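Heads up: the protein sequence lines correspond to chains A and B, in order. If you use the numbering used here, the first sequence corresponds to residues 1 to 572, in order. If you use the numbering used here, the second sequence corresponds to residues 573 to 771, in order. Beneath this line is the structure, given in structure tokens, with notes to follow.
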Amino acid sequence: MRVLLSGNEAIAYGAHAAGVAVATGYPGTPSTEILENLAKYKDVDASWAPNEKVALEVAIGSSIAGARSLVAMKHVGLNVAADPLFTVAYTGVNAGLVIVSADDPGMHSSQNEQDNRYYAKAAKVPMLEPSDSQEAASLVEDAFIISETFDIPVLLRTTTRVNHSKSLVEVDLEQTKREPGYKKNAEKYVMIPANARVRRRLLEDRLKALEEFSEGFSGNKIEWGSREVGFITSGISYQYVKELFPEASILKLAMTYPLPRMLITGYVNQIEKVIVVEELEPYLEEQIKSWGLSVSGKESIPSIGELNPDIIADALIPREEAIENSKQSALPGRPPMLCAGCPHRGVFYELRRLKMVVTGDIGCYTLGVLPPLGSMDTCICMGASIGNAMGVQKATGTKDIVAVIGDSTFVHSGITPLIDIVYNGGITTVIILDNRTTAMTGRQDHPGTGRTLKGIDSHMLDFEKLVKAIGINSVRTVDPYDLKAVRKAIKEETAKDEPSVIIFRRACLLVEKPKGQPYTVNEKCDGCKVCLRLGCPAISWVNGRAEIDISQCAGCEICAKLCKRDAITVIK
Amino acid sequence: MSSDVKNILIVGVGGQGIILAADIMSQVLVGAEYDVKMAEIHGMSQRGGSVNTMVRFGSRVYSPVIEKRKADFILAFEQLEALRWADYLKPGGVLIMNTEKIKPLPVLIGNDDYPEDIEGMLRQKGIEVIKIDANKLAEEAGSKKAANVVLLGCLATYLPIKKEGWYTFIERRVPPKTIEANKKAFDIGYGILTEVASV
Ligand code: SF4
Ligand code: SF4
């Protein structure tokens with residue numbers, strides 16, 4: 001039977017069929033649904049880890065102990081997990097270990113678009129790249145087998161288009177079962193220099209063997225067509241090339257590290273002009289050229305952003321008249337916004353009013369940077385806000401600086417920089433926007449919510465106690481709907497000569513709808529525009545006055561509290 | 573080039589039920605033995621941003637992404653988004669537009685204006701627009717939230733699948749309590765377009 005699955009659903013399906021026993025990761029678009037779907041299987045131990053490094057370490061442990069294991073993360077998550085990655089290539093595995101890195105070309109929801117194929121090369125681990133859901137499902141199975149055959153973790157690298165596009169998948173696979181079993185083997189798993197040096201050499205042998213395997217791997221295949229022009233491609237780019245050049249020869253690579261050098265050389269030598277079509281960096285092209293083969297690619301195909309058939313056609317097909325981009329002259333954009341009634345809104349409003357320097361972090365609340373709130377100065381990566389604030393304070397000595405970080409992000413990587421602030425005498429105020437979930441990726445639980453991915457109650461991390469234990473003496477918890485208290489807390493805490501933490505706690509609207517009645521604007525409104533500075537999707541500017549769309553209003557009352565003319569009142 | 577592949581672009585604003593509509597449609601097409609691919613991007617777009625979903629079907633589909641000027645149909649859940657994506661429609665393609673207007677942030681805060689007479693602008697581009705007040709019709713059907721299914725019904729008029737073929741998948745995907753309202757919403761959408769088409 002064939003069913004329509006997203007790439008992420010297909011990876012979960014394929015991993016389950018391959019008998020994965022332990023699966024873990026940290027939510028991150030476009031990878032999140034892989035674990036959410038694995039969690040549905042009773043026989044898979046699926047969990048959210050506090051961050052990707054921890055996730056990979058757990059999976060390494062379970063692999064060593066004989067359980068097939070999978071970790072899933074977005075591309076930047078692999079930076080966090082890079083430390084164990086480079087060494088697990090040395091130790092190798094017991095049961096198969098598959099690491100899914102979901103890259104985001106075009107930065108649909110990411111802070112950069114790094115090409116994680118280079119991680120495979122740098123860490124010396126084999127890499128597979130699916131081009132649709134069917135391939136995603138079957139390559140996961142291959143990945144487990146390769147991992148066990150060659151005693152090495154395997155990187156399954158996807159991109160947003162593969163993760164989030166749906167296509168048909170055969171779902172009649174039989175499930176493989178594997179009994180876990182742990183055997184001590186310190187020479188293999190304890191990487192003290194003496195052991196590591198041995199494993200380092202063995203790694204090269206394994207890579208040699210993998211290269212040979214890659215030559216004959218069924219996923220690396222030539223589809224012969226015209227011998228005048230041929231393509232080398234992988235991942236989603238394969239689908240675009242097939243779409244545009246149905247007559248051409250194509251060498252489609254599903255295993256892109258190590259590359260099948262003989263296969264590629266033989267192919268290139270039989271075709272007049274070979275074009276490498278790949279998204280982002282010239283990863284394939286550089287390696288192929290380094291063997292003295294003549295191929296082209298990136299001189300015409302952009303290495304910035306996501307590819308699509310239009311971009312490839314523009315680069316490769318001489319067109320009589322370029323399809324003129326009759327861009328509609330400056331249509332109003334439609335950026336994402338904080339929801340009506342979002343608990344973060346009032347905090348950003350007050351931060352702006354108090355002219356604070358705000359180092360920000362990754363989550364829904366990053367939207368606080370957009371006008372009219374416009375109250376964020378930096379956003380680098382998960383957990384960076386706190387270290388950034390410490391740095392700004394070191395450089396300028398100012399007290400008017402706060403770090404803003406979400407609850408899930410704080411657990412991910414905000415704790416160690418907070419320790420740094422205390423340890424090294426910082427006096428910065430750290431704001432934890434505790435909305436009781438991981439909102440941006442679609443409401444995932446984390447240690448602070450006290451519920452696991454499987455929906456089981458567990459210990460709820462106590463932020464107040466945690467930060468006190470770190471050495472923060474000035475800690476307070478405030479309801480972010482209470483604007484006066486928000487303002488007071490920020491003013492007082494930033495004025496202090498010691499580090500402090502303010503926890504603004506109120507659930508995200510995806511978790512709990514506020515019970516407030518909707519508000520409306522009455523005739524007292526004189527058009528002062530103060531409420532418009534909240535950027536609430538329910539409030540708009542109509543004929544010189546504010547207007548509230550009651551179907552959207554969540555009744556948070558923040559706008560009513562701001563209005564000096566009592567023009568915003570609750571609908572009775 | 574892949575000849576029999578049809579391209580449907582669904583556009584609108586996060587929260588309008590676009591992905592559900594596209595899901596139902598894709599399932600129906602799979603049920604009719606087509607090869608189907610569906611591309612969507614979610615993430616930031618959920619917070620009231622512009623959303624697009626692409627559905628392609630035929631005997632063999634490669635790219636999940638539709639090229640500019642290749643869409644056979646655009647189903648626009650919102651007027652400004654119809655205009656934003658109009659260039660994806662192929663000459664002679666059909667654009668079905670919900671009359672709903674959702675102001676984006678720059679318009680809400682008075683920094684920009686919502687374009688007037690979008691229908692006129694589309695016609696100027698030579699596009700035949702089919703305009704439908706799906707929100708009103710959905711209310712008539714018994715559920716405000718079924719506007720997406722009204723629009724789906726409109727589009728279904730053009731697709732090579734019998735009307736009854738849609739019900740099973742609507743039943744499977746909408747909340748149980750709203751099944752009847754959604755079926756009715758589908759019927760209304762379907763009915764309206766058969767009328768428009770025959771005028
Ligand atoms: S999803 Fe939650 S945290 Fe995100 S903008 Fe909406 S209310 Fe705020
Ligand atoms: S009370 Fe005001 S700020 Fe809050 S959701 Fe309603 S309109 Fe928006």
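We put the CB at the ideal spot given by N, CA and C, even for glycine. Note that the structure is predicted; figures quoted are calculated from it, not measured.
Contact under 9 Å by Cβ, residue i with residue j
i	j	result
Cys379 (chain A)	Asp400 (chain A)	no
Pro302 (chain A)	Ala313 (chain A)	no
Ala728 (chain B)	Thr750 (chain B)	no
Ile152 (chain A)	Val93 (chain A)	yes
Val478 (chain A)	Ala485 (chain A)	yes
Arg157 (chain A)	Leu128 (chain A)	yes
Leu433 (chain A)	Ile472 (chain A)	no
Leu367 (chain A)	Pro336 (chain A)	yes
Asp310 (chain A)	Lys640 (chain B)	yes
Leu694 (chain B)	Pro537 (chain A)	no
Val76 (chain A)	Gly28 (chain A)	yes
Ala102 (chain A)	Ile34 (chain A)	yes
Residue range of the alpha helix (DSSP H) that includes residue i
i	result
Asn79 (chain A)	His75 to Val80
Phe213 (chain A)	Pro193 to Gly216
Val392 (chain A)	Ala384 to Thr396
Lys488 (chain A)	Leu483 to Ala495
Asp310 (chain A)	Pro309 to Leu316
Ala378 (chain A)	Residue identity check: residue 378 (chain A) is Thr in the sequence provided, not Ala. It is not in any alpha helix (DSSP H) - Thr378 (chain A) carries neither H nor E in the DSSP assignment.
Gly7 (chain A)	Gly7 to Ala17
Gly406 (chain A)	No alpha helix (DSSP H) contains Gly406 (chain A), which is instead part of the beta strand (DSSP E) from Ile401 to Gly406.
Ile60 (chain A)	Glu52 to Ile64
Thr32 (chain A)	Thr32 to Leu38
Contact test: residue i Cβ vs ligand 4 heavy atom, cutoff 8 Å
i	result
Met376 (chain A)	In the structure on display, ligand 4 does not appear, and the ligands it does have are ligand 1 and ligand 2.
Buried versus exposed, by CB contacts within 10 Å (16 or more), residue i
i	result
Ser575 (chain B)	exposed
Tyr182 (chain A)	exposed
Tyr423 (chain A)	exposed
His459 (chain A)	exposed
Ser6 (chain A)	buried
Trp738 (chain B)	buried
Ile317 (chain A)	exposed
Leu291 (chain A)	Per the sequence presented here, residue 291 (chain A) reads as Trp, with Leu not at that position. That one is exposed.
Gln239 (chain A)	buried
Ala395 (chain A)	exposed
Asn754 (chain B)	buried
Ala186 (chain A)	exposed
Glu613 (chain A)	Absent from the model: residue 613 (chain A). The displayed extent of chain A is 1 to 572, so no value can be given.
Thr359 (chain A)	buried
Ile582 (chain B)	buried
Glu612 (chain B)	buried
Asn707 (chain B)	buried
Residues that residue i bridges to, as DSSP identifies them
i	result
Tyr182 (chain A)	In DSSP, Tyr182 (chain A) forms no bridge with anything.
Val475 (chain A)	A:Val501
Asp45 (chain A)	A:Val22
Ile702 (chain B)	B:Ile668
Tyr257 (chain A)	A:Met127
Phe629 (chain B)	B:Lys578 and B:Val608
Phe231 (chain A)	A:Ile250 and A:Ile275
Val171 (chain A)	For Val171 (chain A), which the question treats as bridged, DSSP gives no partner whatsoever.
Gly219 (chain A)	DSSP, once it has assigned bridges, lists no residue as partnering Gly219 (chain A).
Arg451 (chain A)	A:Asp457
Tyr519 (chain A)	A:Val570
Span of the beta strand (DSSP E), counted from its first residue to its last, around residue i
i	result
Asp132 (chain A)	Counting along the chain, Asp132 (chain A) falls outside any beta strand (DSSP E), and DSSP gives it neither H nor E.
Asp659 (chain B)	First-last for Asp659 (chain B): undefined, no H or E at that position.
Asp522 (chain B)	The structure shown does not extend to residue 522 (chain B), since chain B spans only 573 to 771, so no value can be given for it.
Val357 (chain A)	Val357 to Thr359
Asp103 (chain A)	Leu97 to Asp103
Arg157 (chain A)	Val154 to Thr159
Ala632 (chain A)	In the structure as shown, chain A begins at 1 and stops at 572. Residue 632 (chain A) is therefore absent and cannot be evaluated.
Select from the region 161-180 of chain A all residues with a C-beta closer than 8 Å to any C-beta belonging to chain B, and list them in chain order. Arg161, His164, Ser165, Lys166, Ser167 and Leu168
Please list, in chain order, the residues of the region 657-683 of chain B that have any C-beta partner in chain A closer than 9 Å. Ala658, Asp659, Ile674, Lys675, Pro676, Leu677, Pro678, Val679, Leu680, Ile681, Gly682 and Asn683
Could you please tell me which residues of the region 599-623 of chain B, in chain order, have their CB closer than 8 Å to any CB of chain A? Gln599, Val602, Asp607, Val608, Lys609, Met610, Ala611, Glu612, Ile613, His614, Gly615, Met616, Ser617, Gln618, Arg619, Gly620, Gly621 and Ser622
Closer than 7 Å, Cβ to any Cβ of chain B: which residues of the region 137-152 of chain A, in chain order? none
Can you list, in chain order, the residues of the region 215-245 of chain A whose Cβ is nearer than 7 Å to any Cβ on chain B? Gln239, Tyr240, Lys242 and Glu243
Using a Cβ-Cβ cutoff of 9 Å, what residues of the region 328-339 of chain A are near chain B? List them in chain order. Gln328, Ala330, Leu331, Pro332, Gly333, Arg334, Pro335, Pro336, Met337, Leu338 and Cys339
Residues in the region 303-315 of chain A with C-beta within 7 Å of chain B's C-beta atoms, listed in sequence order? Asn308, Pro309 and Asp310
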